[in-house]
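Please read the structure below before turning to the comments.
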Amino acid sequence: MRPRLTQSQRDALKWLSEHNGDGVFDRNGVLLAAGELAPFVRSTWNALAALGLVQFYNPAGKGRGRLRLTQGPEP
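FYI, the numbering for the sequence shown is 84 to 158, going by my numbering.
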């Protein structure tokens with residue numbers, strides 16, 4: 084069963100997909116992907132992470148946090 088998403092959540096997934104599916108948070112907590120700042124607030128990304136649609140990660144524990152698309156929620 085697919086999770087129900089708000090319009091903002093659907094738009095955020097589409098935006099991230101169109102911007103290489105991976106980004107880094109700037110010092111103000113705004114996602115930067117493919118050279119553009121995302122027009123979505125952090126709570127949108129948090130909700131998508133709770134659904135398993137995106138993943139927060141920090142490679143090698145260095146630098147700022149990152150976000151990437153996942154294959155979707157685990158069954």
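Each residue gets a CB set at the ideal place from its N, CA and C atoms; glycine is no exception.
DSSP beta-bridge partners of GLY106: In DSSP, GLY106 forms a bridge with LEU150.
Residues bridged to ALA116 [DSSP beta-bridge criterion]: GLU119
Limits of the unbroken beta strand (DSSP E) element including VAL137: 137 to 140
Contact check, GLY104 vs LEU115, beta carbons under 7 Å: no
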